[in-house]
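> Numbering (the numbering used here), first residue to last: 44 to 207.
Pasting a structure here, questions to come.
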Amino acid sequence: MPRNPYPFPRLQNDNDFYGHQGKQVNESRTLTNTNPEGTAWDRLNKTPTLASSRREIFHHDPQAPNDSLDFVIKSTYDHHKEFLSSRAQTLVQHETADLPHGRILKNRPPPEEPEVDLYKLPLMKSTSAQRQSIHSINGAIESHHSASTNGGYSRKHDGGFYTC
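Rendered as structure tokens:
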């Protein structure tokens with residue numbers, strides 16, 4: 044191979060020929076693709092919905108009935124109240140009847156409960172039908188440590204003291 048008579052770098056592409064050109068638009072650091080978790084589309088694609096997670100091969104629902112007997116047992120039918128109902132009425136499930144069933148059916152947050160102002164709660168007054176003396180032993184919790192005895196300690200049946 045012959046020696047290159049021009050020792051300077053060759054002008055081969057746009058950056059070498061024109062020199063380094065500055066960008067007309069400054070890149071901002073708040074783009075979604077600069078997020079270390081990936082782009083917004085990747086995160087959206089990787090986040091499953093309830094329906095798509097139920098279609099997965101490894102999905103297991105522990106509340107789902109295993110056979111027809113479990114399906115009948117979980118129905119809303121009560122033999123004592125709804126005697127001689129049709130077969131379709133005996134198989135109605137709690138989800139269908141809008142009864143509480145403890146399952147999440149849609150990607151909806153639970154409804155927010157109203158905030159309770161503790162200062163506006165009604166006061167509860169407790170009254171007793173009869174007046175009781177705090178010095179009376181009647182109605183007290185039975186124990187060998189009783190305030191009505193010597194220093195809170197009772198004597199054994201043989202006359203000695205209980206020891207701890």
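C-beta atoms are modelled at their ideal positions from N, C-alpha and C, and glycine is treated no differently.
Predicted model, so just to flag it, every value in this text is computed and none were measured.
Does the pairing of the region 130-141 with the region 161-175 give three or more beta-carbon distances under 8 Å?
No, because fewer than three Cβ pairs between the region 130-141 and the region 161-175 fall closer than 8 Å, the two stretches do not touch.
> Which residues does DSSP list as the beta-bridge partners of Q136?
S118
> Which same chain residues, not among the five before or five after N150, have their C-beta less than 7 Å away from its C-beta?
Setting aside the 5 residues that flank it on each side, N150 is surrounded in the same chain by T92, L93, each with a C-beta closer than 7 Å to its C-beta; the list follows chain order.
> Please confirm whether Q132 and F114 have their CB atoms less than 9 Å apart.
Against a cut-off of 9 Å, the Cβ pair of F114 and Q132 comes out as no contact.
> Whole angstroms are fine: how far does the CA of G81 sit from the CA of N109?
40 Å
> Closer than 7 Å by C-beta to S128: which residues in its own chain qualify, once you throw out the five before and the five after it? Chain order, please.
Taken in chain order, the residues that qualify are Y120.
> If you follow the alpha helix (DSSP H) that K89 is part of, which residue opens it and which one closes it?
83-89
> Round the Cβ separation of H103 and S96 to the nearest angstrom and send it over; I've been treating them as touching at under 8 Å.
Incorrect: roughly 11 Å between the Cβ atoms, too far for contact.
> Look at G145 and Q106 and say whether their C-beta atoms are less than 9 Å apart.
Contact: yes.
> What is the residue span of the alpha helix (DSSP H) that A172 lies within?
Counting along the chain, A172 falls outside any alpha helix (DSSP H), and DSSP gives it neither H nor E.
> Return helix, strand or coil for P113, following the three-state DSSP convention.
In the sequence as displayed, the identity of residue 113 is Asp instead of Pro. It is helical.
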